[in-house]
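Asker: Okay, handing you the structure first.
Residue numbers (my numbering): 228 to 533.
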């Protein structure tokens, strides 16, 4: 799927139907217009910007979600419905929803996002626009111009270290989000990773990358396996960090023990020196129990005087 020409930003118009009134087509890119709503999820925002979901982002049914995921990303029927029904269940909402509903903090949306800032404690809804600095930080993790499971794990590990802890459900969601992206944008199903320019376009502009087309169907099982790769890589990073922290702690303990030993030895040597000085000082005078020695001549002189 080639990148379509963007809708002229100077032409304000409404998106009440799937067809953009300016481009005149159903799946050309058109940026959100005043009154349109979007979510923190670039994958769903892209589908709305291309008309696979309602362009205004409102009143979307589970069936519409599943159909859009199949048409836009070629997800398998089971995977598309798993994601669609899962979203409604986690949101505790069983009527058509708007994309903005997905911003409710800690329902589906979570802290430690790769491209969104953490939600302030007092806020009910998370920020929907992506953070350019976080996007660029993620791009810097690329190796040879691509991001694979190992690079995603590195980014997830970094974000989770600098964010409030995630519970098990949201940690799984966080890994799954990128696992889907890795499979959708994988060339011919290979594990070569996502080209950095593709990922930047998708995350920052919320449009399909130039030169990409969904060439194959992505299934639930392969996404689960990809998520497992990310998890294993993160566990390896966690183990390495724990080993480094243990080594640092051991070095600190050894240093403290060495300092204490040196202080003890220094105090012992100081006490010994004081004892030797005392002996040399008082040894000049006779002890209380000692009788001064006199020579025979001194003794006879004393006797004559008597």
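Virtual Cβ for every residue (Gly too), placed ideally from N, Cα, C. Given the structure is predicted, the values throughout are model-derived calculations rather than measurements.
How about the segment 317 to 333 and the segment 369 to 389: do they share at least three Cβ pairs that are nearer than 8 angstroms?
Answerer: In short, these stretches do not touch, since the Cβ pair count stays below three.
Asker: Assuming the contact rule is C-beta atoms closer than 8 angstroms, residue 457 and residue 406 should be a hit. Round their C-beta distance to whole Å, please.
Answerer: Position 230 of the chain shown, counted from the first residue, corresponds to residue 457. Position 179 of the chain shown, counted from the first residue, corresponds to residue 406. Going by Cβ atoms, the distance from residue 457 to residue 406 rounds to 6 angstroms, so yes, they are a contact pair.
Asker: Can the beta-carbon of residue 400 be found closer than 8 angstroms to that of residue 448?
Answerer: Taking the first residue of the chain shown as 1, we reach residue 400 at position 173. Taking the first residue of the chain shown as 1, we reach residue 448 at position 221. No, Cβ-Cβ distance for residue 400 and residue 448 is not below 8 angstroms.
Asker: Whose CA, out of 251, 247 and 242, lies closest to the CA of residue 262?
Answerer: Looking up residue 262 in the chain shown gives position 35. Checking every option, the nearest Cα to that of residue 262 belongs to 242.
Asker: Let me check you understand the geometry: is the CB of residue 438 closer than 7 angstroms to at least one non-hydrogen atom of the ligand ZN?
Answerer: Ligands are entirely absent from the displayed structure, and the ligand ZN is therefore not among its contents.
Asker: In chain order, what are the residue ranges of uninterrupted beta strand (DSSP E) at least 3 long that sit wholly in the segment 298 to 354?
Answerer: List check, beta strand (DSSP E) in window: nothing returned.
Asker: Helix or strand or just coil, what does DSSP make of residue 370?
Answerer: Translated into the one-based positions of the chain shown, residue 370 becomes position 143. In the structure shown, residue 370 sits in a strand (DSSP, three-state: E or B).
Asker: Please work out which residues of its chain come closer than 8 angstroms, Cβ to Cβ, to residue 351, disregarding the five sequence neighbours upstream and downstream, and give them in chain order.
Answerer: To locate residue 351, count along the chain shown from 1; it is residue 124. Result list for residue 351: 331 and 332, in chain order.
Asker: Compare the C-alpha of residue 439 against each of 446, 408, 450 and 461 and name the closest.
Answerer: As a working mapping, residue 439 is identified with position 212 in the chain shown. Residue 408 is the option with its Cα nearest to residue 439.
Asker: If you draw a straight line from the alpha carbon of residue 411 to that of residue 435, how long is it in whole angstroms?
Answerer: Within the chain shown, residue 411 is the residue found at index 184, counting from 1. Within the chain shown, residue 435 is the residue found at index 208, counting from 1. Straight-line Cα distance between these residues: approximately 11 angstroms.
Asker: For residue 387, report the span of its alpha helix (DSSP H) as first-last.
Answerer: The residue given as residue 387 occupies position 160 in the chain shown. Note, residue 387: alpha helix (DSSP H), 376 to 388.
Asker: Count the C-beta pairs between the segment 254 to 270 and the segment 342 to 356 that are closer than 8 angstroms, then say yes if the count reaches three, no if not.
Answerer: Contact between the segment 254 to 270 and the segment 342 to 356 is present, because at least three Cβ pairs lie under 8 angstroms.
Asker: Assuming contact is defined by CB atoms lying nearer than 8 angstroms, are residue 535 and residue 338 in contact in what I supplied?
Answerer: Here the chain covers residues 228 to 533 and nothing more, so residue 535 does not appear.
Asker: Can you give me the C-alpha to C-alpha distance between residue 476 and residue 465, rounded to a whole angstrom?
Answerer: Within the chain shown, the letter at position 249 stands for residue 476. Within the chain shown, the letter at position 238 stands for residue 465. Cα to Cα, residue 476 sits roughly 16 angstroms from residue 465.
Asker: What runs of the alpha helix (DSSP H), each 4 residues or longer, lie entirely inside the segment 405 to 445?
Answerer: Segments of the alpha helix (DSSP H) lying fully in the segment 405 to 445: 423 to 427.
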